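In this note's numbering, the protein residues as written are 215 to 463. Beta carbons: idealized from backbone N, C-alpha and C, even for Gly. No experiment lies behind these values; they were computed from the predicted model shown. Read through the structure below, which is laid out as structure tokens, and then see the notes.
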Ligand SMILES: NC(=O)c1ccc[n+]([C@@H]2O[C@H](COP(=O)([O-])OP(=O)(O)OC[C@H]3O[C@@H](n4cnc5c(N)ncnc54)[C@H](O)[C@@H]3O)[C@@H](O)[C@H]2O)c1
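As structure tokens, then:
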């Protein structure tokens, strides 16, 4: 599988899984757009891609803002020549009991985790049409399938991502645009720091999985690479669980 001469936008690529995905896609030949809200993380991720011999452009982006997303995609097209792949990955995951979620926080989680996916897809669409093909990979979460406590707004958005994937796949399929979804299991990243007992949580995750090791950002990157490549051209509207055999949906 290779993405030679292709351009891949990865939102939230300053974070753990997005950065790992950026490195995998860059190794496969893609030029990477790191669309990240946090400048420090974004610059670092782009530099890591360059250090590994790839091409990367960091564009500070807030995926919940239509104007910010539009400007990011326009810059990607201007500086790299187009867009072939969009990885909707940026998300926030504040954890608290559901009765403690404030309305503003609820709205923010939805604005980033699902409206952001829509805005990015919408902004890339004309460029996919210009190429006569395109790949959108949306990152959901195993938490939607299992139902996780103290993450009600987050889990709700991750369910929305699955519906968004299916409905959009129907609409853009005739234009050779594939839309798929990846639902990661639990990865040992910053997200895990929200747990009060990380060691116990690690043990519990390994018990749930069929594969007895923790997942890595590369595991996600390889699944994204497949869904971004021509080898998956006949697959659309699907959700791939990348969870070490935890959920087996
Ligand atoms: N880590 C896990 O175990 C896990 C499990 C299931 C699903 N996921 C999903 O994988 C994806 C990546 O997770 P991660 O663990 O790498 O998280 P992370 O927090 O390390 O990375 C997310 C990145 O998104 C960025 N971001 C946040 N709001 C943004 C905005 N408005 N605009 C642009 N960028 C923004 C953050 O700055 C951060 O760098 C998310 O969609 C998450 O829901 C992760």
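Short of 7 Å in beta carbon distance, which residues of its chain neighbour residue i, apart from the five on each side in sequence? Order them along the chain.
| i | result |
| --- | --- |
| residue 460 | 356, 399, 422 and 423 |
| residue 463 | 359 and 455 |
| residue 283 | 275, 277, 333, 334 and 337 |
Can you tell me which of the three DSSP states residue i falls into?
| i | result |
| --- | --- |
| residue 362 | coil |
| residue 384 | helix |
| residue 217 | coil |
| residue 348 | strand |
| residue 251 | coil |
| residue 379 | helix |
| residue 438 | helix |
| residue 285 | helix |
| residue 448 | coil |
Rounded to whole angstroms, what is the Cα-Cα separation between residue i and residue j?
| i | j | result |
| --- | --- | --- |
| residue 435 | residue 324 | 25 Å |
| residue 306 | residue 344 | 32 Å |
| residue 236 | residue 318 | 31 Å |
| residue 258 | residue 348 | 27 Å |
| residue 448 | residue 234 | 26 Å |
| residue 269 | residue 277 | 22 Å |
| residue 389 | residue 346 | 6 Å |
| residue 433 | residue 417 | 20 Å |
| residue 411 | residue 267 | 38 Å |
| residue 426 | residue 415 | 14 Å |
| residue 387 | residue 375 | 17 Å |
Pick out whichever of the options has its Cα sitting closest to the Cα of residue i.
| i | options | result |
| --- | --- | --- |
| residue 372 | 257, 232, 396 and 240 | 396 |
| residue 420 | 409, 431 and 402 | 402 |
| residue 251 | 346, 326 and 414 | 326 |
| residue 263 | 458, 346 and 232 | 232 |
| residue 220 | 443, 429 and 340 | 443 |
| residue 335 | 391, 431 and 447 | 391 |
| residue 310 | 446, 405 and 364 | 364 |
| residue 229 | 381, 405 and 410 | 405 |
| residue 273 | 266, 285, 265 and 281 | 285 |
| residue 342 | 431, 287, 446 and 266 | 287 |
| residue 215 | 446, 253 and 393 | 446 |
| residue 428 | 409, 453, 408 and 457 | 457 |
| residue 330 | 340, 312, 313 and 354 | 354 |
| residue 409 | 308, 218 and 217 | 308 |
| residue 339 | 312, 377 and 296 | 296 |
To which residues of the same chain is residue i closer than 6 Å at the C-beta, ignoring the five residues directly before and after it?
| i | result |
| --- | --- |
| residue 484 | Examination of residue 484 is not possible in this model, given that the chain is present from 215 through 463 alone. |
| residue 362 | 369 |
| residue 379 | 352, 393 and 395 |
| residue 431 | 230, 231 and 234 |
Using a Cβ-Cβ cutoff of less than 8 Å, which residues in the same chain neighbour residue i once the five nearest sequence positions on both sides are dropped?
| i | result |
| --- | --- |
| residue 384 | 451 |
| residue 271 | 245, 246, 247, 248, 260, 289, 290, 293 and 294 |
| residue 382 | 335, 350 and 393 |
| task | Inspect the CB distances between the stretch 292 to 310 and the stretch 221 to 232 and report whether three or more fall short of 8 Å. | result | Output reads yes: the stretch 221 to 232 touches the stretch 292 to 310.
| Quick one: any contact between the stretch 437 to 449 and the stretch 229 to 243, if contact means 3 or more CB pairs under 8 Å? | The stretch 437 to 449 is in contact with the stretch 229 to 243.
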